[in-house]
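Working notes for the structure below.
Numbering (the working numbering), first residue to last: 6 to 314.
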């Protein structure tokens, strides 16, 4: 199984070395499922440098499965525990087994399907930390939230999490995704073909830009006083300075979310899933042997594509 050009970039989907025995606080996890994320796709396209790696780069940052062994410093998990976690920049979730520090996982309740849990960590954590960390959504009264790229993995979680926080949610996506996004909780759906910012003079307390296509200077006039534009990537200082004085007076700000593998956040997400309050937006499942074709097609396009191990 090979993708054209992948070997030359030292990125692979099936060339994974067996993991060593767990050390220190590491867990050895038998993987049940992982998922396709934008980071994987950017690695394949060469948008993320991997030249420093000594060997092939195994894909997959999400992992859900069962602990089969633990290092001597592990205090919170036993063999047989079901867990989900977010791997570090080394990847490797799309493999039979993987080593992961206990500080990057949370227990997986019996009520949650491991295949669904495999689609939760990276996109779910990014959405949660963008809204409740970078944008402080929980501290806002009756907020209005705009989610750009709402049909993707991060966006489809963000729509739900914003609605759970009591927000009025406007989703920006392709017209054909409107019904699905309303089913997830969006109050309004704006057609992406009309532009990333809906017209009409509406102001939002939070704009979550999942594809990272917006700039604060253009979004600022449509943010309420004290509002925030949150992006999945940082912006350069010169871009941020454009119109900064006027926006500062209105306490409008830009923030970039840096996703962290916080066990408490993972546990919060999986509790919502177990309670039926948060839907894992799985729109397709493929076996590991079919992952290459899925990557060649660009991933799910909508929601999350699960790789079942």
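Positions of the beta carbon are idealized from the N, C-alpha and C atoms, including for glycine.
Just to confirm before moving on: does the CB-CB distance between residue 212 and residue 151 stay below 8 Å?
Counting from 1 along the chain shown, the entry for residue 212 is found at position 207. Counting from 1 along the chain shown, the entry for residue 151 is found at position 146. Yes, the Cβ-Cβ distance between residue 212 and residue 151 is below 8 Å.
Label residue 97 either buried or exposed according to how many other C-beta atoms from any shown protein chain fall within 10 Å of its C-beta, with 16 as the threshold for buried.
Indexing the chain shown from 1 puts residue 97 at position 92. Buried, since its Cβ has 16 or more Cβ neighbours within 10 Å.
Under 6 Å Cβ to Cβ from residue 29, same chain only, skipping five residues before and after it: list those, please.
Within the chain shown, residue 29 is the residue found at index 24, counting from 1. Taken in chain order, the residues that qualify are 76, 78.
Just to confirm, are residue 90 and residue 117 a CB contact at a threshold of 8 Å?
Here residue 90 refers to the residue found at position 85 when the chain shown is read from its first residue. Here residue 117 refers to the residue found at position 112 when the chain shown is read from its first residue. Going by C-beta atoms, residue 90 is not nearer than 8 Å to residue 117.
For the stretch 30 to 40 and the stretch 67 to 76, state whether three or more C-beta atom pairs, one from each stretch, are separated by less than 8 Å.
When Cβ pairs closer than 8 Å are counted between the two stretches, the stretch 30 to 40 is seen to touch the stretch 67 to 76, the count reaching three or more.
Between the stretch 140 to 147 and the stretch 288 to 296, are three or more C-beta pairs nearer than 8 Å?
No, the stretch 140 to 147 does not touch the stretch 288 to 296.
As a quick exercise: from 41, 264, 63, pick the residue whose alpha carbon is nearest that of residue 289.
Taking the first residue of the chain shown as position 1, residue 289 is located at position 284. When each option's Cα is compared against that of residue 289, the closest is 41.
So, is residue 115 buried or exposed, given that buried needs 16 or more other C-beta atoms within 10 angstroms?
Stepping through the chain shown from its first residue, residue 115 is reached at position 110. Exposed is the call here.
Whole angstroms are fine: how far does the CA of residue 273 sit from the CA of residue 92?
In the chain shown, counting from the first residue as 1, residue 92 sits at position 87. In the chain shown, counting from the first residue as 1, residue 273 sits at position 268. If you take the alpha carbons of residue 92 and residue 273, they lie about 18 Å apart.
Among residues of its own chain, excluding the 5 on either side of residue 316, which ones have a beta-carbon nearer than 7 Å to its beta-carbon?
Since the first and last residues shown for the chain are 6 and 314, residue 316 lies out of range.
At what residues does the beta strand (DSSP E) containing residue 232 begin and finish?
Translated into the one-based positions of the chain shown, residue 232 becomes position 227. From DSSP, the beta strand (DSSP E) with residue 232 extends over 228 to 236.
Less than 8 Å separating the beta-carbons of residue 278 and residue 311?
If you number the chain shown from 1, residue 278 lands on position 273. If you number the chain shown from 1, residue 311 lands on position 306. Not in contact: residue 278 and residue 311 (Cβ atoms no closer than 8 Å).
Spatial neighbours of residue 226 within its chain, please: CB distance less than 6 Å, with the 5 preceding and 5 following residues excluded, ordered by chain position.
Sequence index remark: in the chain shown, residue 226 carries index 221 (1-based). There are no such residues.
I need the DSSP call for residue 77, collapsed to helix, strand or coil.
Here the question's residue 77 lines up with position 72 in the chain shown. DSSP places residue 77 outside both helix and strand once states are collapsed to three, so it counts as coil.
Hey, quick one: how far does the beta strand (DSSP E) through residue 102 stretch, first residue to last?
Here residue 102 corresponds to residue number 97 of the chain shown, with the count starting at 1. Here the beta strand (DSSP E) through residue 102 covers 102 to 106.
Reduced DSSP category for residue 257 - H, G, I as helix; E, B as strand; rest coil
As a first step, residue 257 is located in the chain shown; it is residue number 252 there, counting from the start. Residue 257: coil per DSSP, three-state reduction.
Roughly how many angstroms separate the alpha carbons of residue 164 and residue 135, rounded to a whole number?
Locating residue 164 in the chain shown gives position 159, where the first residue counts as 1. Locating residue 135 in the chain shown gives position 130, where the first residue counts as 1. Rounded to whole angstroms, residue 164 to residue 135 spans 12 Å at the Cα level.
Considering residue 171, what are the terminal residues of the beta strand (DSSP E) in which it resides?
Translated into positions along the chain shown, residue 171 becomes position 166. Residue 171 -> no beta strand (DSSP E), and no H or E assigned at all.
Taking residue 32 and residue 107 to be in contact with their CB atoms under 8 Å, please state how far apart those CB atoms are, rounded to whole angstroms.
Within the chain shown, numbered from 1, the residue matching residue 32 stands at position 27. Within the chain shown, numbered from 1, the residue matching residue 107 stands at position 102. Contact flag correct, Cβ pair sits at about 6 Å.
Between 237, 26, 267, which has its C-alpha nearest residue 260's C-alpha?
For the purposes of this step, residue 260 is taken as the residue at position 255 of the chain shown. Out of 237, 26, 267, 237 has the C-alpha closest to the C-alpha of residue 260.
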